[in-house]
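For the sequence shown, the working numbering begins at -2 and goes up steadily by one. For glycine and all other residues, C-beta sits at the position ideal for the given N, C-alpha and C.
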Amino acid sequence: MTDMTDSHDPTMIGAVGKPAASRPRIGWIGLGIMGRPMAANLLRAGYRLTVFSRRRSSADQLVSAGAAWAPSPAGVATASDIVFTMVTDSAAVEEVVLGEEGVLAGAHPGLILVDMSTISPAVSRKVAVEAEKRQVRCLDAPVSGGEKGAREGTLSIMVGGDAGTLAACRPLLEVLGKKITYVGPAGAGQTLKLVNQVVCGLNLLAMAEGLALANRAGLNLETVLDAITGGSAGSWMVANLGPKAAAGDFAPGFMVKLQQKDLRLALEMAAELAQPLPGTALVNQLFRYLEARGEAGEGTQALYKVLQQLGARS
C-alpha cells in the first residue's frame, strides 16, 4: 500500500468540498485484505478516522498516517458518527456489532452503521432490528471488485436499508466505489451480493476449464488469454485472474475460504427458496478439494489447479 502520511492533512478539502472538521467522524472495524485499503481511501480523502482490528499491527500504517486507534468496536462507535464494518463472516459481524464490547454497546442515538462484509441476509436483518432499538440506522453494503477494486476505489457496492440513510452515506461510498446500487430494505444488499457470488463462481469455473483445456492441447496460455479477453468469452475473471492462473500465481486477492463461505450462503438461500443451483454446487465441491489439500488461503484462481489435476495423466 502506498504511503499515506503526506496525503493526510486534517484541514484538506475532500471530494465533498468540506473541511475535515465539519465532516462526519468515521469509524472502521476490520483491516484485512479489503478493509485496510478501503479505510486508507477514506483517510486520504480527508476524513477523521478511528479504527479497530483484532490484530493491532494491522492498523499500524493507518495510525501512522493519522488515524486514531480504539481498543474495541464500542470505542470506535463512541468516537464516530458513521461506523463501517468489513469483517470475515456472519459470526464476526454479530461479535463486533452485538457483542459485549460491540458497536451497539458504544453507540449513541443517530449513529449510522454500514456493514460492508458479505454475510447472511438474515443476520443483516437481525442487526438492523437490534440497531433500531438503540436509535442506530443501518445499511448492509457488501462489495464486489476484489483487492484491486478496494485499493483503487472502484468497487461495486450493493446497498440494503433505508434510502435516506444511503443518501447521507453516499459521499463516503463514492470514495470507496464507482458503482452504488440501492437494492431495497435491510438484507437486500446481501441478497444481491450472493447472486453476484454465484455468477463469479461460474465465471471462475469457465476461466479454469478453458485454460485447462488450452494447456492440455499445448497452446500458449498468454496467447489464449490475449485472444479471448477482447471477445465474447471475455470477463473480469478472464482479464484479471486468467493471467495469474496461467503464471502459477495463486496469491490471494480473494481467498478460496471466503469464496466458499459466500457460496455456502448462496446455496443455503437457494435451498430456502427451492431454487436449484447445480453449477454453483459443482464449484463449491471443486473448491472443497482445495480446502481438503490445505489450500483454502490461496486465491480463487487456484480453481485452475483443480482442473489441471483432474486431467492429470498417471
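Cβ contact check for the segment 56 to 67 and the segment 149 to 157: 3 or more pairs under 8 Å: Judged by Cβ distances under 8 Å, the segment 56 to 67 makes no contact with the segment 149 to 157, as fewer than three pairs qualify.
Cβ distance (whole Å) where V263 is taken to contact Q194 below 8 Å: Rather than Val, the amino acid found at residue 263 in this sequence is Ala. Correct: roughly 6 Å between the Cβ atoms.
For S87, the first and last residue of its enclosing alpha helix (DSSP H): Counting along the chain, S87 sits inside the alpha helix (DSSP H) bounded by residues 87 to 95.
Option in L216, G239, N217, G215 with minimal Cα separation from T226: Taking only the C-alpha atoms, the option nearest T226 is G239.
Own chain, CB closer than 6 Å to M234, minus 5 neighbours either side, in chain order: Cβ neighbours of M234 beyond the five flanking positions: N200, L201, M204.
Coil, strand or helix - L307 by DSSP: It is helical.
Inter-residue Cα distance where the pair is H5 and A104: The pLDDT assigned to H5 is 33, lower than 50, so where the model puts this residue is not dependable, and the model offers no usable value.
Assigned secondary structure, I116 (DSSP; H/G/I helix, E/B strand, else coil): Note: I116 maps to coil in three-state DSSP.
Inter-residue CB distance, R41 and A76 (contact presumed, cutoff 8 Å): 20 Å between Cβ atoms; not a contact.
Closest Cα partner of L191 within the set N217, G157, A89: Closest option to L191, Cα to Cα, is G157.
Continuous alpha helix (DSSP H) assignments of at least 4 residues falling wholly in the segment 19 to 46: Taken in chain order, the complete alpha helix (DSSP H) segments of 4 residues or longer contained in the segment 19 to 46 are 32 to 41.
Ranges of the alpha helix (DSSP H) found wholly within the segment 217 to 252, counting only runs of at least 4: The segment 217 to 252 contains these whole alpha helix (DSSP H) runs: 218 to 226, 233 to 237, 239 to 243.
Those residues which DSSP pairs with A65 across a bridge: DSSP lists T47 as the beta-bridge partner residues of A65.
At least three beta-carbon pairs within less than 8 Å, the segment 171 to 183 to the segment 249 to 265: No, they do not touch.
A289 versus R20: straight-line alpha-carbon distance, rounded: When rounded, the distance between both Cα atoms is 48 Å.
Extent of the continuous alpha helix (DSSP H) run through M83: Boundaries cannot be given for M83, as no alpha helix (DSSP H) includes it and DSSP labels it neither H nor E.
Expected contact under 8 Å - CB spacing of G24 and V80 to nearest Å: That pair is a contact at about 4 Å.
Beta-carbon proximity list for V48, same chain, < 8 Å, skipping 5 on both sides: Within the same chain, Cβ atoms closer than 8 Å to the Cβ of V48 are found at G24, W25, I26, L28, A36, A56, L59, V60, A64, A65, W66, A67, V73, the five residues on either side in sequence being excluded.
Rounded straight-line distance, which links the Cα of G308 to that of A299: Rounded to whole angstroms, A299 to G308 spans 15 Å at the Cα level.
T178 - DSSP class collapsed to helix/strand/coil: For T178, the three-state secondary structure derived from DSSP is strand.
Beta-carbon gap between A243 and Y301 smaller than 9 Å: If you check the CB distance, A243 and Y301 come in under 9 Å.
G308: CB within 8 Å of a non-hydrogen atom of the ligand MG: In terms of ligand content, the structure shown is empty, and the ligand MG therefore cannot be addressed.
Proximity below 9 Å, CB of A128 to CB of L101: Result yes, Cβ atoms of A128 and L101 sit closer than 9 Å.
Cβ shell of E98 (< 7 Å), same chain only, five flanking positions each side left out: Excluding residues within five positions, the ones whose Cβ falls inside 7 Å are S69, P70, A71.
Through-space distance from Q272 to A214, alpha-carbon basis: Those two C-alpha atoms are separated by around 37 Å.
Limits of the alpha helix (DSSP H) - the one that R285 falls within: Its alpha helix (DSSP H) spans residues 275 to 289.
Beta-bridge partners of M316, as assigned by DSSP: The chain is shown from -2 up to 311; residue 316 falls before or after that span and cannot be answered.
Range covered by the beta strand (DSSP E) that runs through L136: Run containing L136: 134 to 137, per the beta strand (DSSP E) assignment.
Classification of V84 by the beta-carbon crowding that lies within 10 angstroms, buried from 16 upward: That one is buried.
Reduced DSSP category for V196 - H, G, I as helix; E, B as strand; rest coil: In this structure, V196 counts as helix in the three-state DSSP scheme.
The alpha helix (DSSP H) enclosing P106, as first and last residue numbers: Note, P106: premise wrong, no alpha helix (DSSP H); not H, not E.
Spatial neighbours of Y179 in its chain, beta-carbon cut-off 7 Å, leaving aside the 5 residues before and after: Annotation for Y179: V156, A160, L163 place their beta carbon closer than 7 Å to its own, counting only its chain and skipping 5 residues before and after.
Nearest to Q187 (by Cα), restricted to the options E292, G296, S87: It is S87.
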